[in-house]
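Asker: First the structure, which I've put down as structure tokens, then a few questions once you've had a look.
Number of protein chains: 2
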Amino acid sequence: MAPRTARPTMKDVAVLAGVSPKTVSNVLTGAASVREETRRRVEAAMGELDFVPNLSARGLRNGRTGVIGFALPDLATAFSASITHAVVEAAHDRGLVVQLEETAAEPQREYDLVYRARTHQIDGLILNPVRLQDSVVEHVQHLPPVVLIGEVEQHRTDRVYIDSRHAGRAAAEHMISRGARRIAALGGAAANVTEKLATLGQRLQGYLEAITEAGLEPDPQLQMDVPEWSIAGGAAGMQALLERQIIFDAVVCFTDSIALGALHALHTAGLRVPQDVLVSGFDDVEHAGFTCPPLTTVRFDHNDYGTAALDLLASRVEDRSLAPRAVEIPHELVERQSTQAAPLGHDPRR
Amino acid sequence: MAPRTARPTMKDVAVLAGVSPKTVSNVLTGAASVREETRRRVEAAMGELDFVPNLSARGLRNGRTGVIGFALPDLATAFSASITHAVVEAAHDRGLVVQLEETAAEPQREYDLVYRARTHQIDGLILNPVRLQDSVVEHVQHLPPVVLIGEVEQHRTDRVYIDSRHAGRAAAEHMISRGARRIAALGGAAANVTEKLATLGQRLQGYLEAITEAGLEPDPQLQMDVPEWSIAGGAAGMQALLERQIIFDAVVCFTDSIALGALHALHTAGLRVPQDVLVSGFDDVEHAGFTCPPLTTVRFDHNDYGTAALDLLASRVEDRSLAPRAVEIPHELVERQSTQAAPLGHDPRR
DNA sequence: TTGAAAGCGCTAACAT
DNA sequence: ATGTTAGCGCTTTCAA
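Top to bottom, those sequences are chains A and B.
FYI, the numbering for the first sequence is 791 to 1140, going by this note's numbering.
FYI, the numbering for the second sequence is 791 to 1140, going by this note's numbering.
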């Protein structure tokens, strides 16, 4: 056997099949119709030479790569895993592949992705900015095709979102209906929310609306910032609440991971859920149904979420002149045991 | 302002700066040394034209993309999230970018990735095959640079692994030292393990060694296959164990997700952990420290794991003639409350 | 240190 | 239905 030489090109295939390179290209892409017998000859030649097309060359020629970028603040969370799974599957169904990035460590990373789009490494990107004012979409002149996921108030790009304000309100109202009166919010404090509200702000706003409308007093002490939306972050937030000797009988958490941490911290402190304190989460990751007790949380379909983002992006790559579109994914409150009681409350003075 | 026309190329930059395209290329890549003043002129021109290089063209020319593929069986698990995070960060540190794929749904997907390497869409790939005999590495003639992660017995490619047999043995021995005598294994059954052992088989083998060496009787009834290594899968596996009226006093689970499901199912059935049954996991995902009770599990450094895989891959992309290398990542058993007792055991006849 | 020319492998446009 | 030409934007010779 001859030594392994350079990869065969379409030209080599064409020579062997006795046709032109263009015909090989037609067979490969199905662009133009090819006579049955010609096609067979070409395919035989491709097989014989073990030919594969060079996608760099195709990308250079077409200006398209078939690759999309996908960026989340923190890839290590349960929600990230679930949504990444959804996006990769949806992309696969459409013949696209996903390039991954993580943005929380440095906001700079979002710019990297935009740059990669401009360098023709990717055709477009799906972003989940934590704070809009830091996000690239607010700072770059010519944006590539971008779909924002998350509850972001802006109208330059397509976006997929759930009505987090409504969901935050629903969670708090549910607590109130169970008899809770001192409801903490774990995940963000009003003091840190700026005008341009992102996910966090909307959930908090809904929570505040429910409190106010029920005639209860919003208390800044009950709003705990959780810098990292991880389990450890949630546990630390709850510990802080307990250490500050604050009275509360329910906790609305802004992600399930935070809620898992809160459950753990409450348990460690000897407080019972739901007998003493009610707890709710957000996202309905797989784990939420398996905590002790199982977690009441806001559910939405992660696959629909990913699919919608991908559909928007694909259509925008096709036609960049479309007006920005927004797709809302429905949500619902799933009531599990973590809120199935009238809570006695945590009162350090007792 | 002129209408937005085609992207500027290096040629445009060269003309504006009054140099040749090659000089622009030199400035950009730092390949050859460029006189300070020339460099400044070129950089000014790039800035003025808002120039970005076309990476498709560069890829075509260089035969390298700077992109690596990364494939896991199931992206939705907690372990997947953790390891994906590690790989993306390690890649970023090396100026590489990660393309993601999920392979459990159809083994075909592994071939897709290899194909993408051959089509010059990626420079190499990191794979985590579940069953080696189905894996592409056993079936393809000319492999691109590949690093296998997971406990796979083969020597065609580089690999990163932990000594799962030892770890499985350590977990079982720990149970025995606590007084357990009927130790179930959740995650795979000996009946389904073929000659070429993958992750599952090694963990099971270590477990069996510990059982045998302690003079206990290995019982196939205690070995439960869990087709999906998810929380739900673990819960279902444990339920099956309970429904079959099998006596046991400890459960070694082959992933943390399985263990979380098992904990939940035990709790639902009214069995206490660790008073009645001991439970251990594998991987030490964040959640393992926050279950009730916190989970004894096998820990290894996920960042080291991802970094090692990336280093191997990067060096192999540089030099494909290297002999296959194997890197073992150390592990340890982390003892938490889920095994802190001498278990009474679950006996349905009592 | 810089320039000129050639070509990586593919496909769009035009021609047959 | 198929062939020919040209060129996508970059970088690697080889010269100057």
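All C-beta atoms, glycine included, are put in the ideal place defined by N, C-alpha and C.
Would you call B/T1002 buried or exposed, if buried means 16 or more other Cβ atoms sit within 10 Å of its Cβ?
Answerer: The residue is exposed, with fewer than 16 neighbouring Cβ atoms inside 10 Å.
Asker: Kindly indicate the opening and closing residues of the alpha helix (DSSP H) around B/V809.
Answerer: Taken as a continuous stretch (DSSP letters only), B/V809 belongs to no alpha helix (DSSP H), as it is neither H nor E.
Asker: Here's a check: name, in chain order, each residue in its chain whose Cβ is nearer than 7 Å to the Cβ of B/F1090, leaving out the five neighbours to either side.
Answerer: So the qualifying residues of the chain are I952, I1119, P1120, H1121.
Asker: So what does DSSP say about A/G1060, is it helix, strand or coil?
Answerer: Coil, per DSSP.
Asker: Spell out a yes or no on whether the stretch 800–809 of chain B and the stretch 1101–1112 of chain A are touching, meaning 3 or more CB-CB pairs, one atom from each, closer than 8 Å.
Answerer: No, the stretch 800–809 of chain B is not in contact with the stretch 1101–1112 of chain A.
Asker: Identify which residue in B/D913, B/A1099, B/S1070, B/Q931 has its Cα closest to the Cα of B/A970.
Answerer: The option with the nearest alpha carbon to B/A970 is B/S1070.
Asker: Does the beta carbon of B/E891 come closer than 8 Å to any beta carbon on chain A?
Answerer: B/E891 counts as touching chain A.
Asker: Check distances from the C-beta atoms of the stretch 1078–1090 of chain B to those of chain A and list, in chain order, the residues that come in under 9 Å.
Answerer: Residues passing the 9 Å Cβ filter: G1079, F1080, T1081, C1082, P1084.
Asker: With DSSP collapsed to three states, give me the class of A/H1092.
Answerer: Here A/H1092 sits in helix by DSSP.
Asker: If I measure Cβ to Cβ from A/V1117 and keep anything under 6 Å in the same chain, skipping five residues before and after, which residues do I get?
Answerer: Hits under 6 Å: V950, A1098.
Asker: For my contact list, A/L886 and A/G849 are in at a C-beta cut-off of 8 Å; report their separation, rounded to the angstrom.
Answerer: Wrong, their Cβ atoms sit about 13 Å apart, outside the cutoff.
Asker: Please list the residues of the stretch 1009–1031 of chain A that have a C-beta atom closer than 8 Å to any C-beta atom in chain B, keeping them in chain order.
Answerer: Hits within the stretch, in order: S1020, I1021, A1022, A1025.
Asker: Would the stretch 904–913 of chain A count as touching the stretch 1131–1138 of chain A if we require 3 or more Cβ pairs under 8 Å?
Answerer: Judged by Cβ distances under 8 Å, the stretch 904–913 of chain A makes no contact with the stretch 1131–1138 of chain A, as fewer than three pairs qualify.
Asker: Would you say A/L1056 reaches chain B, if we count a Cβ-Cβ gap shorter than 8 Å as a contact?
Answerer: So no, A/L1056 is outside the interface.
Asker: Is there contact between the stretch 1002–1011 of chain A and the stretch 1067–1081 of chain A, where contact requires at least three CB pairs shorter than 8 Å?
Answerer: Cβ pair count under 8 Å is below three, so no.
Asker: Quick one: list the residues of chain A neighbouring B/S870, beta-carbon separation under 9 Å, in chain order.
Answerer: Residues of chain A passing the Cβ test: A871, T874, H875.
Asker: Could you tell me which uninterrupted beta strand (DSSP E) segments, each at least 3 residues in length, are contained entirely in the stretch 835–894 of chain B, listed from first to last along the chain?
Answerer: Segments of the beta strand (DSSP E) lying fully in the stretch 835–894 of chain B: 857–862, 887–892.
Asker: B/L1031 and B/M1014 - do their beta-carbons sit closer together than 8 Å?
Answerer: Yes.
Asker: Closest Cβ-Cβ distance between A/T855 and chain B: below 8 Å?
Answerer: Interface residue, yes.
Asker: Applying the criterion that 16 or more other CB atoms from any shown protein chain within 10 Å of the CB defines a buried residue, is B/D913 buried or exposed?
Answerer: Label assigned to B/D913: buried.
Asker: Relative to chain A, which residues along the stretch 1038–1067 of chain B have a C-beta separation below 7 Å, given in chain order?
Answerer: The residues in question are L1050, G1051, H1054, H1057.
Asker: What residues match up with A/Y951 in a beta bridge as DSSP calls it?
Answerer: Partner(s): A/E1118.
Asker: Can you find a CB in chain A that lies within less than 8 Å of the CB of B/A842?
Answerer: The amino acid at residue 842 of chain B is misidentified as Ala; the sequence shows Val. For B/V842, the answer is yes, since a Cβ of chain A falls inside 8 Å of its Cβ.
Asker: Per DSSP, B/F1038 forms a beta bridge with which residues?
Answerer: B/F1038 pairs with B/H1136.
Asker: Against chain B, with Cβ distances strictly below 8 Å, would A/H929 count as a contact?
Answerer: Not closer than 8 Å to any Cβ of chain B, the Cβ of A/H929 fails to qualify, so no.
Asker: A/G760 CB to nearest chain B CB: under 8 Å?
Answerer: No answer is possible for residue 760 of chain A: the residues shown for chain A start at 791 and end at 1140.
Asker: Quick one: which chain A residues come within Cβ less than 8 Å of B/G879?
Answerer: Residue identity check: residue 879 of chain B is Glu in the sequence provided, not Gly. By Cβ distance, chain A contributes E892, A895.
Asker: Given that B/Y905 touches chain A, what residues does it touch there, using C-beta distances under 9 Å?
Answerer: In chain order: V842.
Asker: Once DSSP output is grouped into helix, strand and coil, what is the label at A/V927?
Answerer: Helix at A/V927.
Asker: Nearest-angstrom Cα distance between B/E783 and B/E928?
Answerer: In the structure displayed, chain B extends from 791 to 1140; residue 783 of chain B sits before or after that span and is not available.
Asker: Going by the DSSP bridge assignment, what does A/A974 pair with across the sheet?
Answerer: In DSSP, A/A974 forms a bridge with A/V1041.
Asker: How is the alpha helix (DSSP H) around A/L903 delimited, first residue to last?
Answerer: Where A/L903 is concerned, the enclosing alpha helix (DSSP H) stretches over 898–908.
Asker: Please classify B/V817: does DSSP put it in a helix, a strand, or coil?
Answerer: Correct three-state label for B/V817: helix.
Asker: Looking at chain A, is there any beta carbon in it that lies within less than 8 Å of the beta carbon of B/L865?
Answerer: Closer than 8 Å: yes.
Asker: Is the shortest distance between the beta-carbon of B/T799 and the beta-carbons of chain A less than 8 Å?
Answerer: Cβ-Cβ to chain A under 8 Å: no for B/T799.
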